[in-house]
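Numbering (my numbering), first residue to last: 3 to 157.
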């Protein structure tokens, strides 16, 4: 099951508790969001460097819709201001933060093999142009492999 479906299931099950008509305080609602819903989409977030923008935007929309429903925020208020008022990071900011912390922990790890595996302690954050190049070269390789008959060797 993908992250969005997991989040929808969790939210539906808890809507009576954190929805528009809930009698809980705002602080309690936010605590429930941060302890139950947020861990669903932050699980494995350190490795999302290559996640597509559309997948990240899906989670951004979920977070915004959830905040609007929890705190009864009208639609004319910008998501930017909602995040500022509620002291929330966007999904993109969370990805960057978790990735930096993960990279720092790897750089400072006691086991030397860990730092060697990740490239001698240097960050492996790829630029978008490098990612595009890697994706396009992977597509070309897949096309070539489809054109070559099975059992033949490329040399």
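For every residue, glycine included, the Cβ atom is placed at its ideal position computed from N, Cα and C. Predicted model, so just to flag it, every value in this text is computed and none were measured.
**Q.** Buried/exposed call for residue 7, threshold 16 Cβ in 10 Å
**A.** Within the chain shown, numbered from 1, the residue matching residue 7 stands at position 5. Counting Cβ neighbours within 10 Å, residue 7 comes out exposed, since fewer than 16 surround it.
Q.
Since residue 9 and residue 39 should fall inside the 8 Å C-beta cutoff, what is the C-beta to C-beta distance between them, to a whole number of angstroms?
A. Here residue 9 refers to the residue found at position 7 when the chain shown is read from its first residue. Here residue 39 refers to the residue found at position 37 when the chain shown is read from its first residue. About 6 Å separates the two Cβ atoms, so the contact holds.
Q.
Within the continuous alpha helix (DSSP H) that includes residue 23, where are the two ends?
A. For the purposes of this step, residue 23 is taken as residue 21 along the chain shown, with counting starting at 1. Residue 23 -> no alpha helix (DSSP H), and no H or E assigned at all.
Q.
Suppose contacts are defined by Cβ-Cβ distances below 7 Å. Is residue 60 in contact with residue 93 by that definition?
A. Sequence index remark: in the chain shown, residue 60 carries index 58 (1-based). Sequence index remark: in the chain shown, residue 93 carries index 91 (1-based). Not in contact: residue 60 and residue 93 (Cβ atoms no closer than 7 Å).
**Q.** Straight-line gap, residue 5 to residue 36 (C-alpha atoms, nearest Å)
**A.** To locate residue 5, count along the chain shown from 1; it is residue 3. To locate residue 36, count along the chain shown from 1; it is residue 34. Those two C-alpha atoms are separated by around 16 Å.
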